[in-house]
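Start counting the sequence shown at 87; every next residue gets the next number (this note's numbering). Beta carbons: idealized from backbone N, C-alpha and C, even for Gly. Below: the structure, in structure tokens.
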Amino acid sequence: MSEDSEEKTEPPTKRKLEDARKKGQIAQSKDVVTVMLTVTIAAYLWFSASAISERLGGLFISMGRLSEHPFDEVIGEALEETLDVGTLVVAPVLVLIVLVVTITSAVANKGLLFAVDPLLPKFDKVNPAKGLQRLFSLKNLIEALKSTIKIAAICVIAWLVLRAWLADLLVAPGCGSDCMFEVARWIFLMMLGTISLLFLLFAFFDHMLQIWLFHREMRMSKTELKRQHKDQEGDPLIKSHRRSLARDLVSALPDEGIGQTTVVINDGLDLAIGLRYVPSEQAPPAIVTIAFGAGAERFIDQTAERGIQRVERPALARKLGEQGEIGQAVPRELFDEVAQAIAAVTALSNLGMSR
Numbered sequence: 087m088s089e090d091s092e093e094k095t096e097p098p099t100k101r102k103l104e105d106a107r108k109k110g111q112i113a114q115s116k117d118v119v120t121v122m123l124t125v126t127i128a129a130y131l132w133f134s135a136s137a138i139s140e141r142l143g144g145l146f147i148s149m150g151r152l153s154e155h156p157f158d159e160v161i162g163e164a165l166e167e168t169l170d171v172g173t174l175v176v177a178p179v180l181v182l183i184v185l186v187v188t189i190t191s192a193v194a195n196k197g198l199l200f201a202v203d204p205l206l207p208k209f210d211k212v213n214p215a216k217g218l219q220r221l222f223s224l225k226n227l228i229e230a231l232k233s234t235i236k237i238a239a240i241c242v243i244a245w246l247v248l249r250a251w252l253a254d255l256l257v258a259p260g261c262g263s264d265c266m267f268e269v270a271r272w273i274f275l276m277m278l279g280t281i282s283l284l285f286l287l288f289a290f291f292d293h294m295l296q297i298w299l300f301h302r303e304m305r306m307s308k309t310e311l312k313r314q315h316k317d318q319e320g321d322p323l324i325k326s327h328r329r330s331l332a333r334d335l336v337s338a339l340p341d342e343g344i345g346q347t348t349v350v351i352n353d354g355l356d357l358a359i360g361l362r363y364v365p366s367e368q369a370p371p372a373i374v375t376i377a378f379g380a381g382a383e384r385f386i387d388q389t390a391e392r393g394i395q396r397v398e399r400p401a402l403a404r405k406l407g408e409q410g411e412i413g414q415a416v417p418r419e420l421f422d423e424v425a426q427a428i429a430a431v432t433a434l435s436n437l438g439m440s441r
């Protein structure tokens with residue numbers, strides 16, 4: 087069975103998600119940005135509605151006054167006043183849009199993301215078969231369902247708000263244009279505020295949904311998972327065989343690395359690790375011996391005869407035995423634990439004690 091046709095049942099690894107992120111592939115919820123924009127603009131309009139209405143009202147009065155003069159004489163002043171009012175009303179909205187989109191995207195995507203890969207032309211995007219497959223994909227079906235729910239929610243909210251304000255709407259024409267404008271303003275703000283709160287709830291669930299869909303899309307086949315582990319850690323068969331040979335050799339000849347050993351770490355049972363660390367060599371601690379069973383006992387006895395310090399760290403010894411390689415520096419992730427063990431040995435040596 088080819089890897090392409092193999093069923094993908096395994097969750098994506100951290101490495102695959104990181105590689106996808108570098109290509110610009112992340113869980114994206116358009117609703118989050120849209121709703122945050124809507125909520126922000128709704129809040130701005132809510133608190134600035136009176137000021138905006140005053141400016142627009144002043145503009146209408148000014149236009150009425152200018153209409154009494156010849157067009158050629160007042161066109162410049164009319165355009166200037168219109169531009170001033172438009173800038174004062176629109177500029178804050180544009181600034182809010184830029185800030186909200188940037189901040190929301192950064193928070194939702196766990197940092198700013200820039201990738202060239204999505205901009206590159208790809209055959210799959212114009213492939214009719216792939217396009218048809220995407221058209222009826224689970225993601226698109228969910229998007230269609232979401233759109234239907236949103237339209238229904240907007241219609242229900244509009245109907246409820248209009249029904250609540252119906253009496254005021256019927257009375258408003260009789261109390262003048264100011265009254266009519268005030269009623270219309272409140273109806274608009276009530277609709278916008280209610281829809282914003284509802285869509286904020288939708289956005290939260292959509293964000294969770296997009297993460298689930300993205301992880302579902304990034305699932306891996308067992309073959310792909312094995313290949314990735316092999317790429318990261320090397321062929322497990324070869325690595326296991328090499329470690330087995332090293333163990334056999336060290337068990338038989340544990341004294342081979344004694345001359346290079348400066349510290350011994352053991353597990354208190356049947357495993358001893360010989361490390362070499364000399365500060366003047368300006369090199370990280372290296373594994374020179376891994377001894378098991380009877381070989382470990384002989385190695386400990388012989389190093390003790392030579393006055394080489396030993397420290398018992400069962401968990402660390404097992405990690406070094408499993409992850410370490412003879413002749414190589416200790417694994418980077420074990421540096422801190424090894425440094426603590428060496429520091430403990432050095433302290434004992436300075437006190438003239440032996441373990």
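query: Length of the line joining the Cα atoms of residue 258 and residue 269; result: 7 Å
query: Close beta carbons around residue 265, own chain, < 6 Å, minus the five adjacent residues each side; result: 258
query: Distance CB(residue 95)-CB(residue 302) smaller than 8 Å; result: no
query: For residue 113, the first and last residue of its enclosing beta strand (DSSP E); result: Unbroken run through residue 113: none, as it is neither H nor E.
query: CB contact flag (residue 181, residue 286, <8 Å); result: no
query: Contact check, residue 375 vs residue 347, beta carbons under 8 Å; result: yes
query: Sufficient close CB pairs (3 or more, under 8 Å) joining the region 239-250 to the region 280-300; result: yes
query: Close Cβ partners of residue 292 (< 6 Å) along its chain, the five nearest in sequence each way excluded; result: 115 and 117
query: Residue nearest to residue 112 in terms of C-alpha spacing, selected from 360, 125, 98 and 367; result: 98
query: Rounded separation between residue 172 and residue 179 - CA only; result: 11 Å
query: Every unbroken alpha helix (DSSP H) inside the region 368-415 [4 residues or more]; result: 379-391 and 400-409
query: Exposed unless 16 or more other CB atoms sit within 10 angstroms - verdict on residue 238; result: exposed
query: Alpha-carbon spacing of residue 128 relative to residue 138, whole angstroms; result: 13 Å
query: Boundaries of the beta strand (DSSP E) in which residue 359 is found, first to last residue; result: 357-362
query: Beta strand (DSSP E) segment containing residue 344, residue limits; result: No beta strand (DSSP E) holds residue 344; DSSP gives it neither H nor E.
query: Local Cβ density within 10 Å of residue 147, reported as buried at 16 or more and exposed below that; result: exposed
query: C-alpha distance - residue 313 paired with residue 109, whole-angstrom precision; result: 20 Å
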